[in-house]
């Protein structure tokens, strides 16, 4: 699990989270199927393809903005060593964190 606080209304963030065009950038090499759309509270996907498991974004209003929590519960679909699986999990988690920091920057950028 990781968190990113975004100085933006939860309704604004939830629109971006619900947009399927954003998902491949956040969750690369994952085939996603929505299994729970929680509206302004977030979304959960089943993951298939190269990995299997779930991915989730939970939006929590906080301090005039929103905390975007993201979770990945994945296993590789093919055989990998424990070491390779752990490395892959770290890489996916770091990638997601970078993507949500980028989203934070985009949403907090002043309108021109």
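Residue numbers (this note's numbering): 51 to 162. Think of the CB as a built atom: it goes at the ideal place given N, C-alpha and C, for glycine as much as any other residue. All values reported here derive from a predicted model rather than from experimental measurement.
For residue i, the three-state DSSP class (helix, strand or coil)
i           : result
residue 55  : strand
residue 130 : coil
residue 137 : helix
residue 147 : helix
Of the listed residues the options, nearest to residue i (C-alpha basis)
i           : options            : result
residue 146 : 123, 132, 134      : 123
residue 73  : 155, 137, 96, 114  : 96
residue 115 : 157, 52, 68        : 157
residue 80  : 137, 127, 100, 153 : 100
residue 64  : 71, 130, 91, 53    : 91
residue 142 : 77, 89, 129        : 77
residue 168 : 113, 144, 150      : With the chain covering only 51 through 162, there is no way to say anything about residue 168.
residue 104 : 152, 113, 126, 111 : 126
residue 120 : 138, 102, 93       : 93
residue 160 : 52, 112, 138, 58   : 58
* **Every unbroken alpha helix (DSSP H) within the region 66–127, with a cutoff of 4 residues, ordered by chain** => 73–76
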